[in-house]
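Engineer:
In UniProt numbering, the protein residues as written are 1 to 638.
#1: Three-state secondary structure (DSSP) at residue 486?
#2: Jot down the residue ranges of each uninterrupted alpha helix (DSSP H) in the stretch 140-181, minimum 4 residues, whole runs only, in chain order.
#3: Is the stretch 403-422 in contact with the stretch 540-548, if contact means three or more CB pairs nearer than 8 Å?
#4: Inspect the beta-carbon positions of residue 390 and residue 398 and report whether they are closer than 8 Å.
#5: Please state whether the Cβ-Cβ distance between residue 247 and residue 438 is less than 8 Å.
#6: What three-state label does DSSP hand residue 578 in the structure shown?
#7: Residue 525 lies in the beta strand (DSSP E); which residues open and close that run?
#8: Based on DSSP bridge pairs, tell me the residues matched to residue 357.
#9: Please classify residue 423: does DSSP put it in a helix, a strand, or coil?
#10: Give the single residue among 304, 146, 416 whose Cα lies nearest to the Cα of residue 639.
#11: Which residues share a DSSP beta bridge with residue 516?
#12: DSSP state of residue 396, grouped into three classes?
#13: Does the Cβ-Cβ distance between residue 317 and residue 422 come in under 8 Å?
#14: By the three-class DSSP mapping on this structure, what secondary structure does residue 215 have?
#15: Does the stretch 550-562 come close enough to the stretch 508-526 to have 3 or more Cβ pairs within less than 8 Å?
#16: Which whole-angstrom value is the C-beta distance of residue 250 and residue 161, which I expect to be below 8 Å?
#17: Give every residue of the same chain whose Cβ lies closer than 6 Å to the Cβ of residue 166, excluding the five residues on either side of it in the sequence, and list them in chain order.
#18: Using the three-state DSSP reduction, which class does residue 540 fall into: helix, strand or coil?
#19: When the Cα of residue 277 is compared with those of 624, 614, 625, 610, which residue comes out closest?
#20: Is there contact between the stretch 610-626 and the stretch 561-575, where contact requires at least three CB pairs shorter than 8 Å?
#21: If you measure between the beta carbons of residue 668 and residue 580, is that distance less than 8 Å?
#22: Around the C-beta of residue 476, are 16 or more other C-beta atoms found within 10 angstroms, so that it is buried, or is it exposed?
#23: Taking residue 562 as part of the beta strand (DSSP E), name the residues at either end of that continuous run.
#24: State the CB to CB distance for the pair residue 89 and residue 227, rounded to an integer number of angstroms; the pair is presumed to be in contact (CB under 8 Å).
#25: Measure the alpha-carbon distance for residue 427 versus residue 443 and round it to whole angstroms.
#26: Mind pulling the beta strand (DSSP E) runs of 3 or more residues that sit fully within the stretch 299-383?
#27: Using CA atoms only, rank isn't needed, just tell me which of 368, 291, 170, 631 is closest to residue 309.
#28: Specify the secondary structure class of residue 508 as computed by DSSP and reduced to three states.
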């Protein structure tokens, strides 16, 4: 029996909950009380019962309200908590889009894998997510995952040409904790363990390569073991991107470039600006980044004195040497400083006060070349001619034309890290020396000797291999300047949007092309490509060196080229080796040297231009030209 006691003023009464309510009420006096009239009698009777009933009603109301609050108002919250104890949302990570070469060959593919999720504390991130192979994931699933451990569908990148394409394809790397906290990545739903494009095309096209993740809702038991799949939102793969790169040519460039040398190669289509191959040496292995590079291995790459992570093709700046004479020739011919018939006598060396400015041929062999016109000046890379052409033209006009052709600023190729180089002029020099400690240098002015140096591609002038290739394309395309691009041109677009006509005179293009053609013929400076020809074996052109039998007709492929040997202040007098060229050639009008259509000669719009730089390699003709020859052989073999 339960006894409940209530105290009201001086009266205490007890309620015994038993078989009959009337038998359970006992009233006793705890103190003297005056009972005088009917009111007191009522209070001792029904008033106390009413009070008790009211109290019970209040208690009942409180219980009902709490039940309503738990079920109706906060019910969804507690139901969610309950569901969370038996369901788990897993991410189905979308595969990144593929990067394809211009013929549709994959430059990178996706290998199915898993992310292994382990139970972790809130502030513990290391080892919570581990990338494992598909085989490892399948083995774990078969064996049975530990309680609270889950697998999410994922993909790893595998690069088809991991070393050859390192600077043009690039790699994707896992987001850091700092990046995960960044507002941009939060806004775009990046998660821990996600990879983002870090360099080159992987970074440039990140927004298009990245797909949309899907979700999978699974039921789990109390130990976190998956019981069944409740629903699935399918992931959407990223977009495939077709690059302008020719994979086979890119690989050939990598194989043809000396492994011990530093430098760069760019191969492009003159009429569109599309990059067919872009190689920087030394390169690095993309798969090492894809599989996860240790901190020690990454530091070794970063601190390597040969700078394998640096893209020399677009970011390296060098004196261009005699390859710049193409620019000087264009400017001088367009401004009328020289014309086709203009003759300059090669006297071996020009003197200005105590300073001497020799021709390279006189410096090496002590000989002069007599009367020289613009065609012979390009053919023989005659310094005396271009000293005088630069002097007559004037530095202001030379700088103006150089900038018109893209020098001194980046072109805006899609790849990060493009340099603009230095296009010096009197104002630039004054600013350079304005803060010099030597007061005489502070007042140093622009001298004629400075103009001489720029006219032959020396002095303060610095350019990138990409810029050399682009001004080569201006001649090859008949006067068009096309912005370099790693995106394949659409067949529905003519290319006009990517190119602009510089309005050069036909005579200018013809004279320079003729000079460059003769540079690759007997008497020129590009002797490795003298009378460049290949064997025709059943309709397939084959390098002559690869043919052991006398069979097969020779097919000549006219090449227009320019060599360059650039001094750069090396204490051992080493020089950078340059070579830039294009092929085949159109029929041009320049007297009896014109190329005629012939069944054994390939002519037509130039298909490719090739620019090669070997840092500190020596002479362009002996070091860079043979590399370019192999590239032409690879291209025309197909």
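All C-beta atoms in this analysis are idealised placements derived from N, C-alpha and C, irrespective of residue type, glycine included. Nothing here was measured: the structure is a model prediction, and the numbers come from that model.
Structural biologist: Short version:
#1: The residue given as residue 486 occupies position 486 in the chain shown. In this structure, residue 486 counts as coil in the three-state DSSP scheme.
#2: For the stretch 140-181, the continuous alpha helix (DSSP H) assignments of 4+ residues that do not extend past its boundaries occur at 166-169, 177-180, in sequence order.
#3: Not touching, per the Cβ criterion.
#4: The residue labelled residue 390 in the question sits at position 390 within the chain shown. The residue labelled residue 398 in the question sits at position 398 within the chain shown. For residue 390 and residue 398, yes; Cβs fall inside 8 Å.
#5: Start at 1 with the first residue of the chain shown, and residue 247 comes out as number 247. Start at 1 with the first residue of the chain shown, and residue 438 comes out as number 438. No, these two residues do not count as a Cβ contact at 8 Å.
#6: Within the chain shown, the letter at position 578 stands for residue 578. Shown here, residue 578 sits in a strand according to DSSP, grouped into three states.
#7: One-based indexing of the chain shown puts residue 525 at position 525. Taken as a continuous stretch (DSSP letters only), residue 525 belongs to no beta strand (DSSP E), as it is neither H nor E.
#8: Translated into positions along the chain shown, residue 357 becomes position 357. 350, per the DSSP bridge assignment.
#9: In the chain shown, counting from the first residue as 1, residue 423 sits at position 423. DSSP places residue 423 in the coil class of the three-state scheme, outside both helix and strand.
#10: This structure leaves residue 639 out entirely; the chain is present only between 1 and 638.
#11: Your numbering for residue 516 matches position 516 in the chain shown. Bridge partners of residue 516: none, in fact.
#12: Residue mapping note: residue 396 aligns to position 396 of the chain shown, counting from 1. Look at residue 396 here: in three-state DSSP terms it is helix.
#13: The residue you call residue 317 lines up with position 317 of the chain shown. The residue you call residue 422 lines up with position 422 of the chain shown. Yes; because the gap between Cβ atoms is below 8 Å, this pair is in contact.
#14: Along the chain shown, read from residue 1 onward, the residue named residue 215 stands at position 215. When secondary structure is reduced to three states using DSSP, residue 215 falls in the strand class.
#15: Contact annotation: the stretch 550-562 touches the stretch 508-526, with at least three C-beta pairs closer than 8 Å.
#16: Taking the first residue of the chain shown as 1, we reach residue 250 at position 250. Taking the first residue of the chain shown as 1, we reach residue 161 at position 161. By a beta-carbon distance limit of 8 Å, residue 250 contacts residue 161. Their separation comes to about 6 Å.
#17: For the purposes of this step, residue 166 is identified with residue 166 of the chain shown, where counting begins at 1. Answer for residue 166: 283, 284, 286, listed in chain order.
#18: Position 540 of the chain shown holds residue 540. The answer is strand: DSSP assigns residue 540 an E or B state.
#19: Within the chain shown, numbered from 1, the residue matching residue 277 stands at position 277. The alpha carbon of residue 277 has as its nearest neighbour, out of 624, 614, 625, 610, the alpha carbon of 610.
#20: Touching, per the Cβ criterion.
#21: Since the first and last residues shown for the chain are 1 and 638, residue 668 lies out of range.
#22: Taking the chain shown and counting its residues from 1, one reaches residue 476 at position 476. Buried.
#23: Working through the chain shown from its first residue, we reach residue 562 at position 562. Here the beta strand (DSSP E) through residue 562 covers 560-567.
#24: Position 89 of the chain shown holds residue 89. Position 227 of the chain shown holds residue 227. Contact flag wrong, Cβ pair sits at about 15 Å.
#25: The residue labelled residue 427 in the question sits at position 427 within the chain shown. The residue labelled residue 443 in the question sits at position 443 within the chain shown. Rounded to whole angstroms, residue 427 to residue 443 spans 12 Å at the Cα level.
#26: Taking 3 residues as the shortest admissible run, the stretch 299-383 contains the following complete beta strand (DSSP E) segments, listed from N- to C-terminal end: 344-346, 349-352, 355-358, 370-372.
#27: As a first step, residue 309 must be located in the chain shown, where it is residue number 309. Comparing Cα-Cα distances from residue 309 to each of 368, 291, 170, 631, the minimum goes to 170.
#28: Along the chain shown, one-based indexing puts residue 508 at 508. It is helical.
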